[in-house]
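**Q** Let me begin by handing over the structure; questions about it come next.
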Amino acid sequence: MPGPPPELRRGLGLNNRPSGKRGERLARRFLEERGYTVVDQNYRTRHGELDLVASKDGTLVVVEVKLRRGTGFGDPLEAITLRKQRTIRAITEEYLLEKSPTFHTLRFDAIGILARSDGVRISHVTDAF
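Numbering (the UniProt record's numbering), first residue to last: 1 to 129.
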């Protein structure tokens, strides 16, 4: 069974693409304001996607971004499970083989964004996993 159509998925909160893109835009701006250069965004393979790939001071930083509109399902960063971390590492291996970027160090960061009616809170965890 294919599930509800896209217009109902949005109403049910099942379509995360628009909020995910908003979160990635906010995270990108956040990183750039702190001296990072975003070198890739939404790198896709058959295994999944890397949200952001950035660099700073010779370090290549793979960034997973999670946005939530409330804490009813927990903090945004709690959504980055061990399984998700393994997937991100596997996709990163593919990225490195395909792009061959120049860097001295590789790091995995996480950015959690809580976007509520009273404002936006961004949490950046370096060396998250």
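C-beta atoms are modelled at their ideal positions from N, C-alpha and C, and glycine is treated no differently.
Report the option in GLU64, GLU78, HIS124 whose CA atom is closest to the CA atom of ARG34.
**A** The residue you call residue 34 lines up with position 34 of the sequence shown. Nearest option by C-alpha distance: HIS124.
**Q** For TYR36, which of helix, strand or coil comes out of DSSP?
**A** Locating residue 36 in the sequence shown gives position 36, counting from the first residue. Coil.
**Q** By DSSP, does ILE122 sit in helix, in strand, or in coil?
**A** Within the sequence shown, numbered from 1, the residue matching residue 122 stands at position 122. Strand.
**Q** Hey, is the stretch 65 to 75 in contact with the stretch 109 to 116, meaning 3+ C-beta pairs nearer than 8 Å?
**A** In short, these stretches touch, since the Cβ pair count reaches three.
**Q** Could you check the C-alpha separation between GLU98 and VAL120 for me, to the nearest Å?
**A** As a position in the sequence shown, residue 98 is number 98, starting the count at 1. As a position in the sequence shown, residue 120 is number 120, starting the count at 1. Rounded to whole angstroms, GLU98 to VAL120 spans 35 Å at the Cα level.
**Q** Should the stretch 38 to 50 be regarded as contacting the stretch 86 to 93, the criterion being three or more beta carbon pairs within less than 8 Å?
**A** Yes: at least three Cβ pairs fall under 8 Å.
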